[in-house]
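Enquirer:
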Amino acid sequence: MSTRIETLEFQAEARQLLQLMVHSIYSDKDIFLRELISNASDALDKLRLESLVDKELQVDTSDLHIDLEVDREARTLTVRDNGIGMSRDDVVQLIGTIAKSGTAEILRKAKEARDATGSKDAAASPELIGQFGVGFYSTFMVADRVTLLTRRAGASGGTRWESSGEGTYVIEEIDDAPQGTAVTLHLKPEDTEDHLFDYTAEWKIREIVKRYSDFIAWPIRMATERTAQTATDADEADEAATGGAGAATTKVQTLNSMKALWARPRDEIDQAEYHELYRHLSHDWTDPLEIIHMKGEGLFEYEALLFIPSHAPLDLFAQDGKRGIQLYVKRVFIMDDCQALIPNYLRFVKGVVDAHDLSLNISREILQQDRQIQQVRRRLVKKVLSTIRHLQTDDAERYRTFWKEFGPVVKEGLLDDVGNQEAILDIVSVSSTRDPEQTTTLREYVDRMKDGQDDIYYMTGESRLMVEKSPHMEAFQARGYEVLILTDPVDEVWVERVAQFDGRPLRSIAKGQVDLDTADEKDSTEPEREQQKKDFAGLLSWLAQTLREEVKEVRLSSRLTTSPACLVGDTHDITPTLEKMYRAMGQNVPHPKRILELNPTHPLVSGLRKAHEQQDTDTASDVLGETAELLYGMALLAEGGELADPSRFTRILADRLANTL
Ligand code: ADP
Numbered sequence: 053m054s055t056r057i058e059t060l061e062f063q064a065e066a067r068q069l070l071q072l073m074v075h076s077i078y079s080d081k082d083i084f085l086r087e088l089i090s091n092a093s094d095a096l097d098k099l100r101l102e103s104l105v106d107k108e109l110q111v112d113t114s115d116l117h118i119d120l121e122v123d124r125e126a127r128t129l130t131v132r133d134n135g136i137g138m139s140r141d142d143v144v145q146l147i148g149t150i151a152k153s154g155t156a157e158i159l160r161k162a163k164e165a166r167d168a169t170g171s172k173d174a175a176a177s178p179e180l181i182g183q184f185g186v187g188f189y190s191t192f193m194v195a196d197r198v199t200l201l202t203r204r205a206g207a208s209g210g211t212r213w214e215s216s217g218e219g220t221y222v223i224e225e226i227d228d229a230p231q232g233t234a235v236t237l238h239l240k241p242e243d244t245e246d247h248l249f250d251y252t253a254e255w256k257i258r259e260i261v262k263r264y265s266d267f268i269a270w271p272i273r274m275a276t277e278r279t280a281q282t283a284t285d286a287d288e289a290d291e292a293a294t295g296g297a298g299a300a301t302t303k304v305q306t307l308n309s310m311k312a313l314w315a316r317p318r319d320e321i322d323q324a325e326y327h328e329l330y331r332h333l334s335h336d337w338t339d340p341l342e343i344i345h346m347k348g349e350g351l352f353e354y355e356a357l358l359f360i361p362s363h364a365p366l367d368l369f370a371q372d373g374k375r376g377i378q379l380y381v382k383r384v385f386i387m388d389d390c391q392a393l394i395p396n397y398l399r400f401v402k403g404v405v406d407a408h409d410l411s412l413n414i415s416r417e418i419l420q421q422d423r424q425i426q427q428v429r430r431r432l433v434k435k436v437l438s439t440i441r442h443l444q445t446d447d448a449e450r451y452r453t454f455w456k457e458f459g460p461v462v463k464e465g466l467l468d469d470v471g472n473q474e475a476i477l478d479i480v481s482v483s484s485t486r487d488p489e490q491t492t493t494l495r496e497y498v499d500r501m502k503d504g505q506d507d508i509y510y511m512t513g514e515s516r517l518m519v520e521k522s523p524h525m526e527a528f529q530a531r532g533y534e535v536l537i538l539t540d541p542v543d544e545v546w547v548e549r550v551a552q553f554d555g556r557p558l559r560s561i562a563k564g565q566v567d568l569d570t571a572d573e574k575d576s577t578e579p580e581r582e583q584q585k586k587d588f589a590g591l592l593s594w595l596a597q598t599l600r601e602e603v604k605e606v607r608l609s610s611r612l613t614t615s616p617a618c619l620v621g622d623t624h625d626i627t628p629t630l631e632k633m634y635r636a637m638g639q640n641v642p643h644p645k646r647i648l649e650l651n652p653t654h655p656l657v658s659g660l661r662k663a664h665e666q667q668d669t670d671t672a673s674d675v676l677g678e679t680a681e682l683l684y685g686m687a688l689l690a691e692g693g694e695l696a697d698p699s700r701f702t703r704i705l706a707d708r709l710a711n712t713l
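The working numbering puts the first residue of the sequence shown at 53, with every later residue one more than the last.
1. Name the residue from Asp339, Asp246 and Met274 whose alpha carbon lies nearest to the alpha carbon of alanine 253.
2. When the Cα atoms are used, what is the spatial distance from arginine 56 to leucine 239?
3. For the ligand ADP, I want to know if methionine 73 counts as a neighbour, meaning its beta carbon is within less than 7 angstroms of at least one of the ligand's heavy atoms.
4. Roughly how many whole angstroms lie between the Cα atoms of lysine 256 and leucine 466?
5. For lysine 434 and glycine 532, I'd like the C-alpha separation in whole angstroms.
6. Would you mind sorting glutamine 444 into buried or exposed? The rule is 16 or more other CB atoms within 10 Å of its CB.
7. What does the Cβ neighbour count give for phenylalanine 369, buried or exposed, with the cut at 16 atoms within 10 Å?
8. Isoleucine 537 and glutamate 548 - do their beta-carbons sit closer together than 8 angstroms?
9. Tell me whether alanine 292 sits in a helix, a strand or coil according to DSSP, three-state version.
10. Going by C-alpha to C-alpha distance, which of Ala315, Ala690 and Gly685 sits closest to aspartate 723?
11. Measure the C-alpha to C-alpha separation of asparagine 640 and threonine 627 and round it to an integer number of angstroms.
12. Which one or two residues does DSSP pair with phenylalanine 385 in a beta bridge?
13. If you draw a straight line from the alpha carbon of threonine 211 to that of aspartate 97, how long is it in whole angstroms?
14. Below 7 angstroms, is the gap between the Cβ of alanine 370 and the nearest heavy atom of the ligand GDP?
15. Under 7 angstroms from any heavy atom of the ligand ADP, does the C-beta of methionine 138 make it?
16. Could you tell me whether the region 198 to 217 touches the region 127 to 139, using the rule of 3 or more Cβ pairs below 8 angstroms?
17. Name the two residues that bound the continuous beta strand (DSSP E) containing tryptophan 213.
18. What are the complete alpha helix (DSSP H) segments, minimum 4 residues, inside the region 481 to 520?
19. Taking one C-beta from the region 551 to 566 and one from the region 592 to 606 each time, how about it: are there three or more such pairs within less than 8 angstroms?
20. Count the other C-beta atoms from every protein chain shown that fall within 10 angstroms of the C-beta of alanine 324, then say buried if there are 16 or more, exposed otherwise.
21. To the nearest angstrom, report how far apart methionine 21 and phenylalanine 588 are at their CA atoms.
22. I need the straight-line Cα distance from lysine 645 to glutamine 421, nearest angstrom please.
23. Going by C-alpha distance, which of Tyr509, Asp503, Leu419 and Ala710 is nearest valine 482?
24. Does arginine 635 pass the burial test, meaning 16 or more other C-beta atoms within 10 Å, or should it be called exposed?
25. If leucine 432 sits next to isoleucine 425, beta carbons under 8 angstroms apart, how far is it from one beta carbon to the other, in whole angstroms?
26. Residues bridged to leucine 398 by DSSP?
27. Starting from glutamine 145, trace the alpha helix (DSSP H) both ways and give me its first and last residue.
28. Leaving out five residues before and five after alanine 312 in sequence, what residues of the same chain have Cβ atoms less than 6 angstroms from its Cβ?
29. So glutamate 534 packs on tyrosine 497, CB below 8 angstroms; how close in whole Å?
30. Does the region 452 to 466 come close enough to the region 348 to 367 that 3 or more CB-CB pairs lie under 8 angstroms?
31. If you count every other CB in all the chains shown that lies within 10 Å of the CB of aspartate 82, and 16 or more means buried, which is it?
32. Suppose contacts are defined by Cβ-Cβ distances below 8 angstroms. Is asparagine 308 in contact with isoleucine 272 by that definition?
33. Quick check: leucine 630 and glutamate 526, are their CB atoms within less than 8 angstroms of each other?
34. What I want to know is whether the C-beta of glutamate 87 ends up closer than 7 angstroms to one or more non-hydrogen atoms of the ligand ADP.
35. Do the region 101 to 120 and the region 210 to 225 touch if we need at least three Cβ pairs shorter than 8 angstroms?
36. Classify histidine 332: buried if its beta carbon has 16 or more other beta carbons within 10 angstroms, exposed otherwise.
Structure below.
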């Protein structure tokens, strides 16, 4: 029945791409099926669209589908669709050439990279491959001959195309092709070492379809073999075709779930469907806390369906923890753990982004640099942050759950995402001295600030108790100032980076000088201060000398009311907790000397001054020296620090106590 047969040459660039395919440019060969199914799915989309637009087109669109057919004996696999099909010219144009601009350049680089490794089988770098869709040609990774039979919808004649991927192809006009396209692969022998599997095996096909094409909107069907026993369980069967009596029967099954929920209008989806997809993506059996379904229109179209879980996964802080976004391109699964789409501090967000205009073969490296992907990422981040903000204002209970589970991770964003620092600060909530049961937002804190208070006061530490009872709190409590209590490890770091909130500086109460006096108060306290400075000058310099191994300065304090002494750091010194954290991580950080501050009104301090004055300076007494040590040790213990020599400290203390009895 055939009319014209022609042998044509592939365009030069197509030939090069084919060469790379035949010579294992790409190690994951399974993807050929993903590419064929994606082409078939596009063809079905196009037919549906065309039948809507072109009323003249007489085609039945009531049963559009993709069929996978295997012939184990002939070792062929056919991917058949009843979609738009191609005319002869289409085939020459679309299959015989590569139209994409820049392909030649990329191919040249890919070839160079491959040649440079000196191995024929070496996979070319994924960056290069990611720049073009390998598409139809990927079939030559697994097949040594490919036949394509196609008929354009509405046309009467069809086209048969065949090639072994080596420079030429044969094209033939035929009369009796069914509408749509069938691609038949004459498979290469199995070679698992080269990642060439048996692509006639049902399990392998199922696996690939499930992995890459589960959400394709059209049914992907296959005749599956069932023994007499399994055939009784007829639930999954769509249509049955009987084999020999008593022998294995075959049933046509749909392999994919087709549930691309994200592509459907929001108002048609019920909660249960969302929850089911969430379970599928996250393997988490509790319902998500929040669902974000969004659509990007314009130049770069995409759909995103994101879930905020209601509890933290166990590996939230694991070194190799993954991010929860999967990337799809037009319903075809591309990759898990898509780092380009979500920053690390939102790694707990699960979901899917389905972008319409990307190559199926895009690599992680290319994604990271893609401007449009970066834009999508920015939008996702904004949307997640604003969703949390809404939770915070509209549903305090759920916001609290969220913050308890994910707060420490979100705060990492204060370090990593400077552009969104304000938005993150808005959703942060922290403990404070105001109420042990309740956390506060920074906004609420600022709204409660007392007249004359300019700064936002905080203190970091290992536990609420340690911070709350630390001597540094005394003057602030005496004045009724609220202090934020920051005890997450990440708090130690972000407070160093965030200078202010709403124009109010953030100030550690354990660092730098504290001066809480108002201008009026200063007038009355200044003369007394000056006097104290003179009175204590001798003691301070003697103490600084005696404790020179431990502290860098000894000075009078205005933050103590009841304790004799405390230790403080300079504004940019690392805190003892942070130092401990670094050491726990195996990092050898320098141990900064601290500043010892004394409370001049405490009897121990005033007593020490008197004793020091009466002392003959030349005969420095051991007893006074030991008191200095005790004073320093107490300041260290009061803030939860560790003594360098606890047994010496307890011995001196025991001796002193014995003397008092
Ligand atoms: P890509 O899919 O990236 O465009 P391919 O090499 O896979 O690249 O395919 C080239 C073109 O051939 C497609 O864009 C499409 O127009 C056409 N094509 C491929 N497969 C089919 C099919 N099953 N039905 C109709 N057209 C197809």
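For each residue, glycine too, the CB sits at the ideal point set by N, CA and C.
Expert: Taking the structure as given:
1. Met274
2. 27 angstroms
3. no
4. Straight across, the Cα-Cα distance linking lysine 256 with leucine 466 is about 45 angstroms.
5. 37 angstroms
6. buried
7. Counting the other CB atoms within 10 Å of its CB gives phenylalanine 369 a total below 16, which places it among the exposed residues.
8. no
9. Any reading at alanine 292 is ruled out, since the residue's pLDDT is 46, under 50, leaving its predicted position unreliable.
10. Examination of residue 723 is not possible in this model, given that the chain is present from 53 through 713 alone.
11. 15 angstroms
12. Note: phenylalanine 385 sits in a beta bridge opposite Tyr380.
13. Between threonine 211 and aspartate 97, the C-alpha separation is close to 21 angstroms.
14. Because the ligand GDP does not appear in the structure shown, any question about it cannot be addressed here, the ligands present being the ligand ADP.
15. Judged by the Cβ position, methionine 138 qualifies as a neighbour of the ligand ADP at the 7 angstroms threshold, a heavy atom of the ligand being closer than this.
16. yes
17. 210 to 215
18. Counting only runs of 4 or more, we get 494 to 500 and 516 to 520.
19. no
20. Answer is exposed; the Cβ neighbour count stays below 16.
21. Because the chain here runs from 53 to 713, residue 21 falls outside it and cannot be looked at.
22. 45 angstroms
23. Tyr509
24. Classification for arginine 635: exposed.
25. Not confirmed; about 10 angstroms, so no contact.
26. Paired residues: none, contrary to the question.
27. Unbroken run through glutamine 145: none, as it is neither H nor E.
28. Phe267, Ala269 and Arg383
29. 6 angstroms
30. yes
31. buried
32. yes
33. No, the Cβ-Cβ distance between leucine 630 and glutamate 526 is not below 8 angstroms.
34. Correct: glutamate 87 has its Cβ closer than 7 angstroms to the ligand ADP.
35. no
36. exposed
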